[in-house]
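Its first residue numbered -15, the sequence shown is counted upward by one per residue in our numbering. Positions of the beta carbon are idealized from the N, C-alpha and C atoms, including for glycine. The structure displayed is predicted, hence computed values, not measured ones.
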Amino acid sequence: MNIAIVGTGYVGLVSGTCFAEMGIDVTCVDIDQHKINRLLQGEIPIYEPGLEDMVKRNVKAGRLHFTTDLTTCLNNVEVVFSAVGTPPDEDGSADLKYVLAVAKTFGQNIKKYTILVTKSTVPVGTAKKVKATIQEELIRRGEEVDFDVASNPEFLKEGAAIKDFMTPDRVVVGTESERARKIMSRLYKPFMLSGERMIFTDIPSAEMIKYAANSMLATRISFMNDIANLCESVGADVNMVRKGIGSDTRIGKKFLYAGCGYGGSCFPKDVKALIKTAEQNGYEMKVLKAVDEVNEKQKQILFEKLQKHYHGELKGRTVALWGLAFKPETDDMREAPAVVMIDKLAAAGCTVKVYDPIAMDECRRRIGDKIIYCKDMYDAAMDADVLMLVTEWKEFRVPDWRTLRKIMKQPLIFDGRNIYDREELWVNGFGYYCIG
Ligand code: UDX
């Protein structure tokens, strides 16, 4: 089977490589010549555990190709996945210009029955626009070529993307025809060996599932952050509350961790987009508006605690930040709580020393030189008045408290992910703040 994936961003590159790993012939297409050149040389533009080896292996086996030429590639593929970006435009809605550009090229060039599958997260109703764009081009050509559109949302978690793709909880495909359904079934069959997990729906439902799933997960987090903040006022411990409620199987244990807010390329954007879609349809998503509001506030919570601790006197303090990426195992800093923290601390006149195992270059690119980049976690903590844990990378889990006590100006920890043991810190002579 031959397929093309348009867009070699996070979703496109991971999906293409995983399909190739299953023996499918995959051509990854991108308009960015520089990116394609780098990929051809085996350079991976993103950090994702296991991806580099898998790309190299499949390129070597002749199953994974990279090109900027979508037109030629459309001649000999059965399925085209569109995984191009949908950056938010000024009013926060997804900008569909790349998605529709792919549809246009598809309509201008297909010679035989082909399916255009949208993998990018797009607002409900986009498939209709994609279909109309293709039809328009076919009419312009004056030719009749059979095609189908489908929606196949992606549920990859950064840092675990390969595992998520290879052994998915479910694969959702929205289609309008039996023919497309059969081809999509065949394509995903190798990923279903340990049980059938394909869910076929109509197209709008598939588009909606992605937003509803991310919004539900974001809701759990904001709910727990709200509970955590209340726990502090009433003397309860959110970790105990989490265990207590999570063992109810209807609630479940996952995604109940309070912290300094959710970030990343999906939750913040998708929650806002669903609120917008509702507005455009004359409906108000009250719960989601609160989810978003709570999260914006939560990203400032460590700063507020610090301000309270020092009675508003932050000027001249040195603050060490451990963790910059929005979560461990990625260099992604999109919507990361660390960005909000750095801005607030710098504006308050603090010296900010940072360390992240992977995201240092990304941080330099985003934030520039108003902060100090350190070579390791202890270098960051050196002479700091306070240490803030923002991203729970494994290497931060069991620090050498004795060394930290020696090198820090003051033994004070703000734990934004609740990974440390309060008693242990007290025994080691540290002041300790956490969330909830
Ligand atoms: C998410 C979805 O999980 C994935 O299915 C979808 O396709 C894309 O969006 P990702 O953005 O990679 O994936 O991150 P995820 O691991 O879900 O974490 C999102 C954010 O929530 C992180 O900032 C994380 O720190 C935070 N989080 C997660 C919490 O604060 N508490 C939790 O209990 C879980």
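Straight-line gap, residue i to residue j (C-alpha atoms, nearest Å)
| i | j | result |
| --- | --- | --- |
| E297 | Q291 | 7 angstroms |
| C358 | A364 | 5 angstroms |
| A197 | S104 | 15 angstroms |
| Q17 | T52 | 6 angstroms |
| P188 | Y31 | 32 angstroms |
| S199 | Y241 | 16 angstroms |
| P152 | V64 | 20 angstroms |
| Y362 | W410 | 20 angstroms |
| A202 | E36 | 30 angstroms |
| E138 | M150 | 12 angstroms |
| V303 | D399 | 13 angstroms |
| V43 | I28 | 12 angstroms |
| G126 | K112 | 21 angstroms |
| Y195 | G300 | 43 angstroms |
| D232 | W377 | 28 angstroms |
| D406 | E288 | A small fix is needed here, since residue 406 is Arg in this sequence, not Asp. Their backbone Cα atoms lie some 20 angstroms apart in a straight line. |
| E346 | M182 | 36 angstroms |
| A331 | I403 | 28 angstroms |
| A(-12) | G91 | 15 angstroms |
| G34 | G7 | 18 angstroms |
| L23 | D327 | 34 angstroms |
| K115 | G(-4) | 21 angstroms |
| G219 | R381 | 25 angstroms |
| A320 | T375 | 9 angstroms |
| D367 | W306 | 14 angstroms |
| T11 | L54 | 9 angstroms |
| T110 | G179 | 31 angstroms |
| D360 | R124 | 60 angstroms |
| K337 | E268 | 42 angstroms |
| Y172 | R47 | 17 angstroms |
| E62 | M176 | 20 angstroms |
Sheet register partners of residue i (DSSP bridge)
| i | result |
| --- | --- |
| G415 | L396 |
| I99 | V63 and D132 |
| T185 | G158 |
| L373 | W306 and D399 |
| N(-14) | D9 |
| Y339 | W306 |
| F207 | Per DSSP, none; premise fails for F207. |
| I356 | K337 |
| A78 | P72 |
| L48 | V10 |
Minimum C-alpha distance to residue i - residue among the options
| i | options | result |
| --- | --- | --- |
| V86 | I30, D73 and V13 | V13 |
| A212 | R181, D186, C244 and P188 | C244 |
| I15 | W385, T89 and A320 | T89 |
| P174 | Q394, E5 and V336 | E5 |
| D75 | I99, Q264 and F380 | Q264 |
| G333 | I355, A320 and V382 | I355 |
| G(-9) | M(-15), H49 and V43 | H49 |
| I229 | M208, Y417 and I342 | M208 |
| T98 | C347, M168, A67 and T1 | M168 |
| G247 | S217, V271, A309 and M269 | A309 |
| M(-15) | D9, T102 and I326 | D9 |
| Q394 | E376, L371 and W377 | L371 |
| R163 | R381, Y267, L100 and Q25 | L100 |
| D148 | E379, S(-1) and D405 | S(-1) |
| R401 | L84, K260 and I419 | I419 |
| K166 | E191, A134 and I193 | A134 |
| R170 | K390, G413, F3 and Q284 | F3 |
Neighbour flag for residue i against chain B, beta carbons, 8 angstroms
| i | result |
| --- | --- |
| K227 | This model lacks chain B altogether, as it is built from one protein chain only. |
Please determine if the region 344 to 351 and the region 272 to 283 are in contact, where contact requires at least 3 C-beta pairs separated by less than 8 angstroms.
Note that the region 344 to 351 does not touch the region 272 to 283; fewer than 3 beta-carbon pairs, one per stretch, sit closer than 8 angstroms.
Okay, do the region 227 to 243 and the region 41 to 61 touch, 3+ Cβ pairs below 8 angstroms being the bar?
No, they do not touch.
Tell me, please, whether the region 136 to 155 touches the region 307 to 318 by the rule of three or more beta-carbon pairs shorter than 8 angstroms.
Yes, they touch.
Give the residues whose C-beta lies closer than 5 angstroms to at least one heavy atom of ligand 1, in chain order.
A residue is listed when its beta-carbon falls short of 5 angstroms from at least one non-hydrogen atom of ligand 1; in chain order these are F139, K141, E142, I205, F239, Y241, G243, Y246, G247, G248, C250, F310 and K311.
Taking contact to mean 3 or more Cβ pairs, one atom from each stretch, closer than 8 angstroms, check whether the region 248 to 258 and the region 384 to 398 are in contact.
No, the region 248 to 258 is not in contact with the region 384 to 398.
Stretch-stretch touch, CB-based, cutoff 8 angstroms, three pairs: the region 279 to 290 with the region 115 to 134
Result no; under three Cβ-Cβ pairs closer than 8 angstroms.
Between the region 212 to 221 and the region 156 to 168, are three or more C-beta pairs nearer than 8 angstroms?
Contact between the region 212 to 221 and the region 156 to 168 is absent, because fewer than three Cβ pairs lie under 8 angstroms.
The region 105 to 122 contacting the region 215 to 227, beta-carbon criterion three pairs below 8 angstroms:
Segments in contact, no.
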